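Engineer: Residue numbers (our numbering): 5 to 283. Just so you know, even glycine gets a beta-carbon here, dropped at the ideal spot from N, CA and C. All values reported here derive from a predicted model rather than from experimental measurement.
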Ligand SMILES: Cc1ncc(C[n+]2csc(CCOP(=O)(O)OP(=O)(O)O)c2C)c(N)n1
């Protein structure tokens, strides 16, 4: 019997998204207390966009089975994906507790084969090529599956990303949806200072034959509205303007928080900050 997939949401409940994202950020901070170098700031910057993809766009048959595909190309942002998969019941909480330990299955980057993980990423600049291959394969299979991929701006320093962008444009892959986490940081540097030719970004995707839109990547409703309104005849890039470390004032736009976990005192401040941002 053919499966019935729940359609993407026509309207998105922004208040519910805010509550979920607060919960996700808290959960990540809790886990960071057991792991010395958890990438919290990169996870916080793509949080709302990932929430919209999982809760507002991807079709599913039941809470644990998705019809569409998602790849976290910026692999160091995987805590975002892990906590969403936990909330959906796809990843066991016990595995989150064992994150980055020899006994667990979850490492600091996503590994294909783990529940809900479609591709191993972390070596930056490969996810868009993988997503293009997946989208093309789905077309050849005459499947109606959509492919969603989350990229960082740093990944667009890699030539492989632009090859993939051109291929997607050549093939007019209308089942490919790129979400760009444009926080302007790449490791310790700002793209606007070290890679000035990187901007403007939207126009570059348009030049490769994509439909591209730029929105505030932390405004879940705007992200959802933009993605739901895509015209659908070309690959689609949603350029989300974001803040690295979003939600915790002392982490926002401060490069060291790409790498380190907060200590006990910092953790307490971070939890307080989150409540303020979300109230
Ligand atoms: C090919 C490759 N080069 C270098 C690195 C090391 N590295 C890890 S994260 C990072 C930069 C992070 O910046 P960005 O990719 O923009 O992600 P975000 O700001 O969203 O964290 C780098 C250079 C890597 N993982 N892969």
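1) When you compare each of 152, 65, 212, 208 to residue 139 by their alpha carbons, which one comes out closest?
2) What is the rounded straight-line gap between the Cα of residue 164 and the Cα of residue 158?
3) Any contact between the stretch 266-279 and the stretch 207-221? By contact I mean 3 or more CB pairs, one from each, below 8 Å.
4) Once the 5 residues before and after residue 274 are set aside, which same chain residues still bring their CB inside 6 Å of it?
5) I want to check one thing, is the minimum distance from the CB of residue 74 to the heavy atoms of ligand 1 below 7 Å?
6) Relative to ligand 1, is the shortest distance from any of its heavy atoms to the C-beta of residue 190 smaller than 7 Å?
7) Sorry if obvious, but does the Cβ on residue 49 come closer than 7 Å to a heavy atom of ligand 1?
8) From which residue to which residue does the beta strand (DSSP E) around residue 91 run?
9) Mind checking which residues open and close the alpha helix (DSSP H) that includes residue 2?
10) Just how far apart, CA to CA, sit residue 86 and residue 43?
11) What is the DSSP secondary structure of residue 69, counted as helix, strand or coil?
Structural biologist: The answer reads as follows:
1) Between residue 139 and the set 152, 65, 212, 208, the nearest pair of CA atoms involves 152.
2) A direct Cα-to-Cα measurement between residue 164 and residue 158 gives close to 12 Å.
3) Touching, no, given that fewer than three Cβ pairs across the two stretches are closer than 8 Å.
4) The beta carbon of residue 274 lies closer than 6 Å to those of 33, 252, 266 in the same chain, with the five residues before and after it left out.
5) It does not: the Cβ of residue 74 is nowhere closer than 7 Å to a heavy atom of ligand 1.
6) At least one heavy atom of ligand 1 is nearer than 7 Å to the Cβ of residue 190, so yes.
7) True, at least one ligand heavy atom lies under 7 Å from that Cβ.
8) That residue, residue 91, is in no beta strand (DSSP E); its alpha helix (DSSP H) goes 82-91.
9) Only positions 5 to 283 of the chain appear in this structure, which leaves residue 2 out of reach.
10) Those two C-alpha atoms are separated by around 12 Å.
11) Reduced to three states, the DSSP call for residue 69 is strand.
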